[in-house]
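So the sequence shown is numbered by numbering that gives the first Met the number 0: it starts at 0 and just counts up by one. Glycine included, each C-beta is placed from N, C-alpha and C at the ideal position.
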Amino acid sequence: MCRWAAYRGDPLYLEELVSSPAHSLIEQSHCATRAKTATNGDGFGIAWYGDRPEPGRYRDILPAWSDCNLKSLARQIRSPLFLAHVRAATGGGTRRDNCHPFTHGTWSFMHNGQISGFERLRRPMEAMLDDELFNARSGTTDSELMFLLALQFGLREEPIAAMAEMVGFVEDLAENTIGSILLRFTAAFSDGKSLYAIRYATDRKAPTLYASPLGAGHCLVSEPLNDDVDAWAEIPDGSAVIVGKAGIEVTDFRSEKRNTAKPQRVAISA
Numbered sequence: 000m001c002r003w004a005a006y007r008g009d010p011l012y013l014e015e016l017v018s019s020p021a022h023s024l025i026e027q028s029h030c031a032t033r034a035k036t037a038t039n040g041d042g043f044g045i046a047w048y049g050d051r052p053e054p055g056r057y058r059d060i061l062p063a064w065s066d067c068n069l070k071s072l073a074r075q076i077r078s079p080l081f082l083a084h085v086r087a088a089t090g091g092g093t094r095r096d097n098c099h100p101f102t103h104g105t106w107s108f109m110h111n112g113q114i115s116g117f118e119r120l121r122r123p124m125e126a127m128l129d130d131e132l133f134n135a136r137s138g139t140t141d142s143e144l145m146f147l148l149a150l151q152f153g154l155r156e157e158p159i160a161a162m163a164e165m166v167g168f169v170e171d172l173a174e175n176t177i178g179s180i181l182l183r184f185t186a187a188f189s190d191g192k193s194l195y196a197i198r199y200a201t202d203r204k205a206p207t208l209y210a211s212p213l214g215a216g217h218c219l220v221s222e223p224l225n226d227d228v229d230a231w232a233e234i235p236d237g238s239a240v241i242v243g244k245a246g247i248e249v250t251d252f253r254s255e256k257r258n259t260a261k262p263q264r265v266a267i268s269a
């Protein structure tokens, strides 16, 4: 399982999550404490928002702990909204275009979890994408494909509802194709204005998610960045999180079932 951290608020140096804390994301890349695997060395990535609508992004296949450029960038880049991820591959090769975060237009996305039996579901999932989004797919992971499907289902207009529809589509497809479904999905995504996150699993064993105030903002993380247990609130399984100008809001999240026999694709405009 992967580890990730995200922040929204007044501009903050990326190092405040990525490298400076006692249990920073770089520390978690080789010594995670709340994951099935302690090592997350199959690449890393950061996406941050600045003066332009589209996020900047830096990804590589090196383990996060061994890339000196990551520490240097994290020390110099200051952003009001950013996502950072260290990868433990459960599917898809160790290559740059399989490293999170994924981006498309103004949107960025990163994920911790997996779809059981993904190789049997991949082709019909890809078939739901229009040409623009299908051609935007550069990697081989289930994570990137779920992101593109959410865009197909209306992520730009209704982010949480689009994710619920995407999850419901995957569940129905797996049930019809394989006869069972195991989906674990803890993800963060953003349009550069608000930060969103979802913690959800069909077996109620979703990868962990915590929230905490940080400076004049909030951060969302796979596991706490320090030992101050009172500072970190665990987000319950089956939750959606929105971090915006008004602060942080946590609501229930459930999948929205759709008819896979008669799929209706949402038109995507540039």
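Q) Under three-state DSSP, which class holds Phe-43? A) The answer is strand: DSSP assigns Phe-43 an E or B state.
(Q) Could you pull the DSSP bridge partners for Arg-2 from this structure? (A) Val-85, per the DSSP bridge assignment.
Q) So what's Trp-231 in DSSP terms, helix, strand or just coil? A) Here Trp-231 sits in coil by DSSP.
(Q) Residues in the same chain with beta-carbon distance under 7 Å from His-84, minus the five sequence neighbours each way, listed in chain order, please. (A) Once the five neighbours on either side are set aside, the close Cβ partners of His-84 are Cys-1, Trp-3, Phe-43, Gly-44, His-99, Pro-100 and Met-109.
**Q.** Length of the line joining the Cα atoms of Glu-15 and Pro-79
**A.** Rounded to the nearest whole angstrom, the CA to CA distance from Glu-15 to Pro-79 is 12 Å.
Q: Check the DSSP bridge columns for Phe-101 and list the partner residues they point to.
A: Looking at the DSSP assignment, Phe-101 forms a beta bridge with Phe-108.
Q. Looking only at its own chain, which residues have a Cβ that is under 8 Å from the Cβ of Thr-201, when we skip the five neighbours before and after it?
A. Only residues of its own chain outside the window of five on either side were considered, and among them Glu-170, Ile-180, Leu-181, Leu-182 and Arg-183 have a CB closer than 8 Å to the CB of Thr-201, listed in chain order.
**Q.** Residues that DSSP places opposite Gln-113 in a beta bridge
**A.** Gln-113 is bridged to Arg-183.
(Q) According to DSSP, simplified to helix, strand and coil, what is Thr-176? (A) Reduced to three states, the DSSP call for Thr-176 is helix.
**Q.** Proximal residues to Tyr-209 (C-beta, below 8 Å), its chain only, five neighbours per side dropped
**A.** Excluding its 5 nearest sequence neighbours in each direction, Tyr-209 has C-beta neighbours in its own chain below 8 Å: Leu-219, Val-220, Ser-221, Glu-222, Pro-223, Trp-231, Ala-232, Glu-233 and Ile-234, listed in chain order.
Q.
Relative to the C-alpha of Val-228, which candidate in His-22, Asp-9 and Tyr-12 has its C-alpha closest?
A. If you compare the alpha carbons of His-22, Asp-9 and Tyr-12 with that of Val-228, the shortest gap goes to His-22.
Q: Use the C-beta contact count for Thr-140: other C-beta atoms within 10 angstroms, 16 or more gives buried, fewer gives exposed.
A: Flag for Thr-140 reads buried.
Q.
Given this structure, state the Cα-to-Cα distance separating Met-165 from Asn-175, to the nearest angstrom.
A. Looking at the two C-alpha atoms, the distance is approximately 15 Å.
Q.
Just verifying my parser: in three-state terms, what is the DSSP assignment at Ala-215?
A. In the three-state scheme derived from DSSP, where H, G and I count as helix and E and B as strand, Ala-215 is classed as coil.
Q. How many Å lie between Leu-144 and Arg-58 at the Cα?
A. Distance between the alpha carbons of Leu-144 and Arg-58 is about 18 Å.
(Q) Once DSSP output is grouped into helix, strand and coil, what is the label at Phe-188? (A) If DSSP states are grouped into helix, strand and coil, Phe-188 belongs with the strands.
Q.
Per the DSSP calculation, Ser-78 is bridged to which residue(s)?
A. Looking at the DSSP assignment, Ser-78 forms a beta bridge with Leu-11.
Q. DSSP three-state call for Ser-221: helix, strand or coil?
A. Coil.
Q: Answer with buried or exposed for Ala-5, where buried requires no fewer than 16 other C-beta atoms within 10 angstroms of its C-beta.
A: Residue environment for Ala-5: buried (at least 16 other C-beta atoms within 10 angstroms of its C-beta).
(Q) On the criterion of 16 or more Cβ atoms from any shown chain inside 10 Å, does Pro-52 qualify as buried, or is it exposed? (A) Exposed is the call here.
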